[in-house]
Amino acid sequence: MADQATRFFALFGGLIMMGVMALALRWTFGTGKDQPGPRIPDPDDPTGDGLLEEVSRVPTEAAAQVLRGRLVAAGIRATVGRTPDGYRLLVFPQDLVDAKLVLSGR
Numbered sequence: 118m119a120d121q122a123t124r125f126f127a128l129f130g131g132l133i134m135m136g137v138m139a140l141a142l143r144w145t146f147g148t149g150k151d152q153p154g155p156r157i158p159d160p161d162d163p164t165g166d167g168l169l170e171e172v173s174r175v176p177t178e179a180a181a182q183v184l185r186g187r188l189v190a191a192g193i194r195a196t197v198g199r200t201p202d203g204y205r206l207l208v209f210p211q212d213l214v215d216a217k218l219v220l221s222g223r
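Residues in the sequence shown are numbered consecutively from 118, following our numbering.
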């Protein structure tokens, strides 16, 4: 009788232990449903620049950095974005007119 009990616990004990481990791992790592999904692109913004507006487009990074430096010196926040055909200088919409004036040299 003791031999049958040993076999029973050896067989079902392993299965129970695997079930406990599966539940523990599921509880620990979860299903990922509470994670944020991928960012959905804005259909009204084909460039993907968000709030930024393009003020200039130049062929080299050096030229873009020079123009960005002029804008920063004038107190205008600007950033450089790379495109397949060159570099874009981007500013916030409220700074667009001032940025164009600074870059035109007026």
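All C-beta atoms in this analysis are idealised placements derived from N, C-alpha and C, irrespective of residue type, glycine included.
In this structure, DSSP gives Thr145 a helical state, which the three-state scheme calls helix.
Leu213: member of the alpha helix (DSSP H) spanning 213-221, first to last residue. Ser173 counts as buried, since no fewer than 16 other beta carbons sit within 10 angstroms of its beta carbon. Cα atoms of Thr123 and Ala139: separation of roughly 24 Å, rounded to the nearest angstrom. Asp166 is not a Cβ neighbour of Ile193, given a cutoff of 8 Å. A straight-line Cα-Cα distance of about 20 Å links Tyr204 and Gly222.
In the three-state DSSP reduction, Thr123 falls in the helix class (H, G or I). For Gly192, no alpha helix (DSSP H) encloses it, and the DSSP letter there is neither H nor E.
In this structure, the beta-carbon distance from Val208 to Leu184 does not fall below 8 Å.
Here the alpha carbons of Ala141 and Gly147 stand approximately 10 Å from one another.
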